[in-house]
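Student: In my numbering, each number is its position in the sequence shown, counted from 1, plus 3. By construction, the Cβ of each residue, glycine as well, lies at the ideal position given by its N, Cα and C atoms. The structure displayed is predicted, hence computed values, not measured ones. Below: one structure in structure tokens.
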Amino acid sequence: MARPVQTAPHIPMHSASASPLKRRALLAAAAGCALPAWPLGAAAAAARAAMKVPRPPVARVEPVTETFFGQSVTDPYRWMENPKDKDWEPFMRGQDAHARATLAAIPGRDALAQRISSLSAGTAIAYGVQRAGQGSTERVFYQVRPAGADGFQLAVRAGLGAPERILIDPTAMKDAQGRHVSLDWWVPSPDGRHVVYGLSAAGSEDSVLHVMEVDSLRVLPERVAGTQYAGPSWLPDSSGFFYARVADPAARGSVEYYKRSPVWLHRLGTDAKDDVLQVVHGRDPALPLTETEFPSIQCSPVSTWAVLVMYGGVRRENPLFVAPLADVVAGRAKWRPVCAIADEVTGFAFDATDLYLLTTRDSPNGRVLRLPLDGGTYATATPVVPEGPRVIEGFALARDGLYLLELDGGYHALRKLGRDGRDEFFGQWRDDILAYDRQNPIARVAAYWAMTEKFLEHSYSGYQGRVVFVSYEELAQQREPLFTALLTRLGFQPAQENFRVAGDDSTTTSDSQRGASIGERVSGWKSFLSPPEIAAIEAIVQRFGLENRLVNAPKANNFLRH
């Protein structure tokens with residue numbers, strides 16, 4: 004069963020984990036430079052040539068035919084679904100040996116891989132910011148992979164500029180059977196005093212829900228199994244939270260495991276067996292919830308309303324219902340429908356009075372609608388952000404307005420529509436180093452720029468810790484000098500201005516000089532790379548001796564953009 008879509012009011016985003024060098028960055032570098040010959044010795048080259056790569060094993064074919072809706076479907080490899088089959092492990096090990104030998108035969112690959120690994124391991128990475136509390140009780144939660152670490156930890160600060168404190172380090176944990184543990188998800192309470200999170204063993208993603216007291220690091224006794232898709236949402240007073248789990252955690256491995264998932268209300272300090280059932284298939288005849296949909300109840304720290312979403316697995320368009328939160332908690336909710344699957348609502352957020360919908364119905368690039376929580380529906384919603392030339396992929400609702408994540412010619416762009424009516428376009432950004440604030444309605448801004456020590460040690464005099472967060476109000480002033488200093492230190496020099504030609508994202512500067520209309524002018528320094536990409540490029544620059552080779556070389560002006 005596929006995982007449900009990420010729950011609102013979170014912004015959909017790519018992980019900012021330690022990804023390898025993106026293919027486009029390497030290709031662009033190669034296009035802009037004449038690479039010297041690889042410095043491989045004759046003996047090493049001969050050894051590589053002599054290596055024999057084993058042929059990949061051939062899987063046995065054992066057809067199994069089934070009929071679905073009158074259509075016969077044949078699966079020749081159904082036997083692979085049985086991990087105890089005598090041919091399964093030898094087949095996988097043979098594929099592994101073939102892949103490893105193929106990679107090992109590439110000249111210079113080992114040395115380059117080691118150098119990239121050493122550079123990326125020396126870079127701290129942070130993502131997933133969530134703010135909680137206010138004033139003197141403010142806390143900032145985020146995930147961080149410290150330099151040299153193998154995995155991500157959950158950290159907290161008493162404010163953006165305060166020292167970092169680690170709450171959860173999965174790399175230091177083992178389950179009762181001695182297996183490694185992963186942190187699957189986490190959400191802090193609105194007051195910042197507790198965090199609910201899911202841990203799973205051995206890569207199973209079969210989460211067990213836990214609750215931690217932040218100040219003392221004490222883990223409360225309550226546990227809930229089968230919470231892979233928990234989607235927890237705290238009550239505004241932080242006394243408890245809604246969450247989803249599978250109907251029967253003991254049925255793992257059966258086709259029924261993910262069906263009829265219920266939503267429960269848990270109160271802090273109580274036994275999970277006393278949790279109150281809220282929504283489940285067949286319980287409320289007025290709710291058209293199918294047995295394969297995943298229900299989720301979402302709250303807002305600033306609203307007296309609750310939103311019920313019926314996630315259809317990987318289905319992007321999902322129906323929404325609303326009800327007064329007090330009625331939901333009291334068990335007397337009458338959920339009012341807001342939109343149906345046909346309305347193509349792919350995201351939402353809400354505050355004290357209004358519900359905002361992201362829809363692609365009659366607007367392929369997306370638009371944002373607004374309706375009152377106390378009576379509106381999709382049909383009566385008012386357009387807030389009309390469809391434009393950029394694709395709206397997600398949005399966040401903050402105290403100072405709407406933040407829109409847009410797709411701009413293959414690149415992500417950030418746009419803000421302020422509550423004062425101002426429409427600000429921040430330009431193109433790499434979303435994998437942006438940190439989005441998930442406690443959106445009470446936040447001053449919805450997103451931050453997460454910088455790490457590798458970028459700041461030579462260019463930011465006020466830097467004191469491993470990670471610094473720069474709000475978007477500061478970003479316009481901070482980002483240019485920081486990246487200029489960083490890339491200059493790596494040996495790159497400012498490129499000529501890049502031109503973005505209206506109507507043709509593939510057009511180069513030389514093409515624009517043949518009379519095409521200029522749609523937007525973007526500086527060569529204004530597109531940037533993620534920390535792992537910078538580390539990989541630095542390794543390539545060093546290995547090939549490319550320092551200062553990118554200055555005004557053909558197509559090199561677009562190197563940083565691609």
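1) Could you tell me the boundaries of the alpha helix (DSSP H) in which V143 lies?
2) Quickly, what does DSSP pair G421 with across the bridge? List them, please.
3) Taking only the alpha-carbon atoms, compute the straight-line gap between V332 and R81 and give it to the nearest angstrom.
4) By DSSP, does N443 sit in helix, in strand, or in coil?
5) In this structure, how does DSSP classify A352 when only helix, strand and coil are distinguished?
6) How long is the line joining the alpha carbons of C302 and G256, rounded to whole angstroms?
7) Quick check on the burial criterion: 16 or more other C-beta atoms within 10 angstroms. Buried or exposed for W78?
8) Helix, strand or coil for M83 per DSSP?
9) Between Y381, V147, R370, which has its C-alpha nearest L1's C-alpha?
10) Which residues does DSSP pair with S120 in a beta bridge?
11) Taking the alpha-carbon positions, what's the P534 to S121 distance?
12) Excluding the 5 residues preceding and the 5 following A275 in the sequence, name in chain order all residues of the same chain whose CB lies nearer than 7 Å to its CB.
13) For R216, which of helix, strand or coil comes out of DSSP?
14) Using CA coordinates, which residue listed in R339, T174, D357, P367 is at the minimum distance from P288?
15) Ignoring anything shorter than 3 residues, give me the beta strand (DSSP E) runs that lie fully in the region 168-213, in order along the chain.
16) For L280, count neighbouring Cβ atoms within 10 angstroms of its own Cβ and tell me buried if that reaches 16, exposed if not.
17) Among the candidates Q133, A179, W308, S203, whose CA atom is the shortest distance from the CA of L323?
18) Suppose the cutoff is 6 Å on Cβ atoms and the five residues either side in sequence are ignored; what does the same chain contact list for W188 look like?
19) Within the same chain, show all residues whose beta-carbon is closer than 7 Å to that of D278, passing over the 5 residues directly before and after it, in chain order.
20) Going straight from the alpha carbon of D403 to that of G424, what length do you get?
21) Go ahead and label G334 buried or exposed: buried means 16 or more other beta carbons lie within 10 angstroms of its beta carbon, across all protein chains shown.
22) Return helix, strand or coil for D90, following the three-state DSSP convention.
23) Does DSSP classify D287 as helix, strand or coil?
24) Nearest to P66 by alpha carbon, out of V76, P57, R58?
25) Less than 8 Å between the CB of L238 and some heavy atom of the ligand FAD, yes or no?
26) Using the three-state DSSP reduction, which class does D277 fall into: helix, strand or coil?
27) What residues are listed by DSSP as bridge partners for G243?
28) Do you know how far the Cα of L170 is from the Cα of V147?
29) Return the Cβ separation of F245 and P235 in integer angstroms, given the expectation that the two are a contact with Cβ distance under 8 Å.
30) Which runs of the beta strand (DSSP E) fall wholly inside the region 357-396 and span at least 3 residues, in chain order?
31) Please state whether the Cβ-Cβ distance between V198 and V217 is less than 9 Å.
32) In terms of residues, what are the limits of the beta strand (DSSP E) holding L311?
33) Enumerate in chain order the residues of its own chain whose CB-to-CB distance from T380 is below 6 Å, with the five nearest sequence positions on each side excluded.
34) Give the DSSP bridge partners of T77, in chain order.
35) Taking the beta strand (DSSP E) that V132 falls in, what are its first and last residues?
36) Can you give me the C-alpha to C-alpha distance between S203 and G154, rounded to a whole angstrom?
Tutor: In terms of the structure at hand:
1) Premise fails: V143 lies in the beta strand (DSSP E), 142-148, not in any alpha helix (DSSP H).
2) G404
3) Using only the alpha carbons, I get a separation of about 46 Å.
4) Residue confidence is low: N443 scores 39 on pLDDT, short of 50, so the model does not pin down where it sits. No coordinate-derived value is stated.
5) strand
6) 32 Å
7) At residue 78 the sequence reads Asp, which differs from the Trp that was named. By the 10 Å Cβ count, D78 comes out exposed.
8) helix
9) Nothing about residue 1 can be read from this structure; the chain reaches only from 4 to 565.
10) S120 pairs with nothing; no bridge assigned.
11) Bear in mind that the predicted position of P534 carries a pLDDT of just 48, short of 50, making it unreliable; the figure below should be weighed with that in mind. When rounded, the distance between both Cα atoms is 13 Å.
12) E225, R226, V227, H269
13) With the sequence shown as reference, residue 216 is identified as Glu, and Arg is not the correct amino acid for it. Looking at E216 - three-state DSSP - the assignment turns out to be strand.
14) Checked all of R339, T174, D357, P367; the closest Cα to P288 is R339.
15) 168-171, 184-191, 197-204
16) exposed
17) W308
18) G201
19) Cβ neighbours of D278 beyond the five flanking positions: W267, L268, H269.
20) 10 Å
21) exposed
22) coil
23) coil
24) Taking only the C-alpha atoms, the option nearest P66 is V76.
25) Of the ligands one can find in the structure shown there are none, so the ligand FAD has no counterpart to examine.
26) DSSP places D277 in helix when its eight states are reduced to three.
27) Bridge partners of G243: R270.
28) 11 Å
29) 7 Å
30) 357-362, 370-375, 385-388
31) yes
32) 308-314
33) V341
34) T68
35) 128-135
36) Going by the C-alpha atoms only, they are around 14 Å apart.
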